[in-house]
Each structure stands twice: as C-alpha cells, then as structure tokens.
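Residue numbers 1424 to 1513, in the numbering used here, belong to the letters of the sequence shown in order.
Glycine is no exception: its CB is placed at the ideal position from the N, C-alpha and C atoms.
None of the values given here were measured: they were computed from a predicted structure.
Each remark here refers to the structure printed beneath this line.
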Amino acid sequence: MFANLLQWIIRREPAAPDHAFIEDIHASRPVPRHPRVEKIILICWGLIAVKHVAVIWAVHHYAVPFHQLWINLPTFLLGLLATLAYYGSD
C-alpha cells in the first residue's frame, strides 16, 4: 500500500511484471448429480416437513411455554444449509 502511495506521489508508473501471462489452463467437466442423493435429500425434506407439523401440533396441544420456531427454525436452516452445500458444490 505504501509503495503504491509513493508511486502516486512521485508520479511514476509501476513496472510491468515479467511473468504476467497465462501458463496453463485446466478445463474439467462438471460432476453429474447422483439421483440417489437427490432422492435422499427429497426424503429428508419430507421428514423435516412432518417434524414441523408434529412440533406445531405438540406445542399447541400441550400448551408448551415457547414458540415452535425455537425448534423448527434451526431444523429448517440446517436442512437448507445442507441442501445448498450439495447443490452449490460444482
């Protein structure tokens, strides 16, 4: 940072680097999705939905003194994080 400030003060152009060119390029094909893993993800989201309904029912039926989102929100966020980690890893 100070070197750039010094060059700006004395109005001198920076020297061009000697090795500023591309030496090698590697291209790879994307990894195909596994249908079995996608089916497991879908089943897990179904289980999360069933759990959400069961927790909402239990909280209202037994008059538990906390909101159902204290249980459902972390479950949803962890499932979302795991799903995004799978689909975002290319």
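Rounded straight-line distance, which links the Cα of Leu1500 to that of Trp1493: 12 Å
How about Tyr1498 and Ile1464: are their beta carbons less than 7 Å apart? Just to set this straight, residue 1498 is Thr in the shown sequence, not Tyr. Contact: no.
Could you have a look at Pro1458 and say whether DSSP puts it in helix, strand or coil? helix
Using the three-state DSSP reduction, which class does Ile1466 fall into: helix, strand or coil? helix
Distance CB(Val1476)-CB(Gln1491) smaller than 7 Å: no
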